[in-house]
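In my numbering, the protein residues as written are 2 to 76.
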Amino acid sequence: MAKKGSGMLNMGWPWFVTLILTIIPFTHWVLGAVTRFMRGNILGGILNIIPIVGQIFWVIDLITVIIKKDLVVLA
2 MAKKGSGMLN MGWPWFVTLI LTIIPFTHWV LGAVTRFMRG NILGGILNII PIVGQIFWVI
62 DLITVIIKKD LVVLA
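This is the structure in structure tokens:
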């Protein structure tokens, strides 16, 4: 089980690769949902799959990956 701040979104890749994968909407949709489910946040994972809410999460996650280098909102 990954702990918060461990960079689970990037699956061990460098930060710039994580940023590129976050910028691409489809990969973020999959990796964001998987990250939230793996961290035990079922609600966040389900909300990430819903199209409208997923787009909002995409913008928020993009900002937090740039600033904090990890998902922090509902993660």
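Cβ atoms here follow ideal geometry from the backbone N, Cα and C, with glycine treated the same way.
Take the Cβ of residue i as the centre, count every other Cβ of all protein chains shown within 10 Å, and call the residue buried at 16 or more, exposed below.
i	result
T28	exposed
V66	buried
K4	Any reading at K4 must be qualified, since the residue scores a pLDDT of 49, below 50, and its modelled position is unreliable; no value is offered.
G33	buried
Does residue i come out as helix, strand or coil in the three-state DSSP assignment?
i	result
N49	helix
K69	helix
L44	helix
V74	coil
Checklist entry - Contact between the region 58 to 73 and the region 19 to 27: three or more CB pairs below 8 Å? => result yes
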